[in-house]
Amino acid sequence: MRIAMIGSGYVGLVSGACLADFGHEVVCIDKDPTKIAALNEGRMPIYEPGLDALVAENVRQKRLAFSTDLKPAVAGAQAVFIAVGTPSRRGDGFADLSYVYAAAREIAEALTGYAVVVTKSTVPVGTGDEVERILREARPDLDIGVASNPEFLREGAAIGDFKRPDRIVIGAEDARAAAVMQEVYRPLYLNQAPILFTGRRTAELTKYAANAFLATKITFINEIADLCEQVGANVQEVARGIGLDNRIGAKFLHAGPGYGGSCFPKDTLALVKTAQDYGTPVRIVETVVAVNDQRKRAMARKVIAACGGSVRGKRVALLGLTFKPNTDDMRDAPSLSIIAGLQDAGARIVAYDPEGMEQARPLLQGVDYAEDAYACAEGADALVIVTEWNAFRALDLARLKAMMAAPVLVDLRNVYAPDEARRHGLRHVGVGALASRD
Ligand SMILES: NC(=O)c1ccc[n+]([C@@H]2O[C@H](COP(=O)([O-])OP(=O)(O)OC[C@H]3O[C@@H](n4cnc5c(N)ncnc54)[C@H](O)[C@@H]3O)[C@@H](O)[C@H]2O)c1
60 MRIAMIGSGY VGLVSGACLA DFGHEVVCID KDPTKIAALN EGRMPIYEPG LDALVAENVR
120 QKRLAFSTDL KPAVAGAQAV FIAVGTPSRR GDGFADLSYV YAAAREIAEA LTGYAVVVTK
180 STVPVGTGDE VERILREARP DLDIGVASNP EFLREGAAIG DFKRPDRIVI GAEDARAAAV
240 MQEVYRPLYL NQAPILFTGR RTAELTKYAA NAFLATKITF INEIADLCEQ VGANVQEVAR
300 GIGLDNRIGA KFLHAGPGYG GSCFPKDTLA LVKTAQDYGT PVRIVETVVA VNDQRKRAMA
360 RKVIAACGGS VRGKRVALLG LTFKPNTDDM RDAPSLSIIA GLQDAGARIV AYDPEGMEQA
420 RPLLQGVDYA EDAYACAEGA DALVIVTEWN AFRALDLARL KAMMAAPVLV DLRNVYAPDE
480 ARRHGLRHVG VGALASRD
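Quick look at the structure:
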């Protein structure tokens, strides 16, 4: 099949490369010329494990190409995916659909024969209807289908998720469009990945319901963690105790600094707005959004408390800036709020992240960057683990203790056992358990 992918970011690039790997002929389009130039020179504009090799192989096989020119890629394509950003709109928090609608207008001008236009971007219920209206209004002559195919991949594990998905959701309003979508995913069908065919609005809402549920699960265990700290219980053991119940499941029960990233914050907010507009508020999700917002800054207060109540003039070292490991994505990362809270309280911040420092620089002022975890900890009054990169899982704690000005380890991801830290002379302050004593 010939496929055009509009938008070559975290989702478009991975999806395009994987679809090419299935044997389709894919052109990935982006309006950012620097991204396309980098891709054409074999450089990845984002960090995603395994992506460079996958892209290189499919470019070599001539199944994958990159361009800023949408027209020739869309003309003759049987499926045109829209994978542009849908960030929170400034002011009201609703999803900003301007990129989606702009892409739809460009696609309308370029289409030649029958094609299915597919929204892969996360879009509020009814966006597919509006995309169809835009296409038909611009080109009443067009023979098209409009489908919704929300993406569930996780950054950091995106290729595996795309190739071996838990499920594929396809929202189509007619059999012809559904048949094209079935053909797109036929290689996965052979792998027995469940494909759910639904109405378009159902598919659109399924994506928001999934992200809101996961965000709720994280926020639930975070609140239980706070309670654990007060009552002298241990949240990791509570999480294991409930997670072994199949009805609950063990995933997304790791207490931490609050969820961040490019999806959960904006998608929970957009769902709240949609539900309010339809007169059926989702109060649980409203609460999740509020609790999570407060939590990120509360983590700065946790660090301040661990430093004896003041960080003024102190050097606080942060390990991990990205919202999770194995990505360079800094969008809505908890580190941003934590750093702001610490700087407001007078701390000097030094930080290290294996992949995220380039994206972090324009977002942060007054932060020093270190070359590695140990250089970061040198002379620090507290070391804070914000993101659980593998590189931070087996640090030499005795070495850290020897080089720090004060032996305080604030472990916001519960990477280290308090006893282990204490054995090496560090005071361990985790999430959801009593802090270890000096
Ligand atoms: N990042 C994730 O993990 C993830 C997972 C599932 C779903 N999603 C959803 O997928 C969508 C894309 O997310 P992302 O993280 O890939 O965003 P991104 O910002 O990394 O990529 C979007 C790309 O689209 C390009 N673009 C915008 N308008 C364009 C146009 N008219 N023509 C060509 N290119 C255009 C931008 O230049 C950018 O490179 C969002 O709706 C997001 O919610 C993201």
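When we follow our numbering, the leftmost residue of the sequence shown carries the number 60, and every step to the right adds one. Ideal placement from N, C-alpha and C gives every residue a C-beta, glycine not left out. Please read all numbers here as calculations on a predicted model, not as lab measurements.
Leaving out the 5 sequence neighbours to the left and right, which residues in its chain are closer than 8 angstroms to residue i when beta-carbon positions are compared?
i    : result
L113 : A76, C77, D80, I218
D233 : G204
How many whole angstroms separate the CB atoms of residue i and residue j, which I take to be in contact at a CB cut-off of 8 angstroms?
i    : j    : result
I95  : M64  : I95 to M64, Cβ: 12 angstroms. No contact.
A376 : A436 : 5 angstroms
G187 : R259 : 4 angstroms
V190 : V175 : No, V190 and V175 are not in contact; Cβ-Cβ is about 11 angstroms, not under 8 angstroms.
V490 : A292 : Wrong, their Cβ atoms sit about 13 angstroms apart, outside the cutoff.
M60  : Q120 : Their Cβ separation, rounded to whole angstroms, is 15 angstroms, which puts M60 and Q120 out of contact at 8 angstroms.
G405 : R371 : 3 angstroms
L255 : R223 : So it is not a contact: roughly 16 angstroms between Cβ atoms.
From what residue to what residue does the alpha helix (DSSP H) around residue i run?
i    : result
I343 : 342–365
M64  : M64 -> not in any alpha helix (DSSP H); beta strand (DSSP E) instead, spanning 61–65.
Y500 : Residue 500 lies beyond the stretch modelled for the chain, which goes from 60 to 497, so this question has no answer here.
G300 : 294–302
F221 : 217–222
T105 : Looking at the sequence itself, residue 105 is Ile, so the reference to Thr does not match. From DSSP, I105 is part of no alpha helix (DSSP H); its letter is neither H nor E.
D478 : 477–482
R407 : Counting along the chain, R407 falls outside any alpha helix (DSSP H), though it belongs to the beta strand (DSSP E) covering 407–411.
A314 : Premise fails: A314 is in no alpha helix (DSSP H) and is neither H nor E.
R213 : Neither: R213 is in no alpha helix (DSSP H) and is coded neither H nor E.
C77  : 69–80
A169 : 157–169
S396 : 393–403
A457 : 456–462
D200 : Premise fails: D200 is in no alpha helix (DSSP H) and is neither H nor E.
A419 : 416–419
A237 : 234–243
A432 : 432–436
L98  : 92–99
Skipping 5 residues on each side, what residues in its chain have a beta carbon closer than 7 angstroms to that of residue i?
i    : result
E345 : V331
C366 : K373, D440, A441, V467
R356 : S396, G400
Q402 : I408, G425
V184 : R260, E263, L264, T333
C287 : N293, V294, V297, G491, A492
V73  : E107, L110, L212, A217, I218, F221
Quick check on the DSSP output: the beta strand (DSSP E) that includes residue i runs from which residue to which?
i    : result
A136 : Segment: none, A136 is in no beta strand (DSSP E) and carries neither H nor E.
V426 : 426–428
T178 : 174–178
S126 : 123–126
F256 : 254–257
D374 : Looking at the sequence itself, residue 374 is Arg, so the reference to Asp does not match. Start and end: 374–378.
G489 : Note, G489: premise wrong, no beta strand (DSSP E); not H, not E.
E84  : 84–88
I529 : Residue 529 cannot be examined here, being either before or after the span of the chain that is shown, 60 to 497.
L485 : From DSSP, L485 is part of no beta strand (DSSP E); its letter is neither H nor E.
A441 : 441–444
L468 : 467–470
G368 : No beta strand (DSSP E) contains G368, which DSSP labels as neither H nor E.
Skipping 5 residues on each side, what residues in its chain have a beta carbon closer than 6 angstroms to that of residue i?
i    : result
A124 : V86
G66  : A142, V143
I301 : I307
D202 : Y173
If you measure from the CB of residue i, is any heavy atom of ligand 2 nearer than 6 angstroms?
i    : result
G187 : Absence of ligand 2 from the depicted structure is noted, with ligand 1 being the only ligands included.
*Taking 8 angstroms as the threshold, find out whether the stretch 265–280 comes into contact with the stretch 231–249 through three or more Cβ pairs.*
no
*Could you tell me whether the stretch 441–448 touches the stretch 471–487, using the rule of 3 or more Cβ pairs below 8 angstroms?*
yes
*Would you call the stretch 215–231 and the stretch 353–363 touching, i.e. three or more CB-CB distances under 8 angstroms?*
no
*Stretch pair the stretch 126–146 + the stretch 178–187: three plus CB contacts closer than 8 angstroms*: yes
*When the Cβ atoms of the stretch 101–117 are set against those of the stretch 380–394, are three or more pairs found closer than 8 angstroms?*
yes
*Inspect the CB distances between the stretch 166–173 and the stretch 192–212 and report whether three or more fall short of 8 angstroms.*
yes
*So, do the stretch 450–463 and the stretch 478–487 have three or more beta carbon pairs nearer to each other than 8 angstroms?*
yes
_For the structure I just gave you, are there three or more beta carbon pairs, one from the stretch 312–327 and one from the stretch 275–290, closer than 8 angstroms?_
yes
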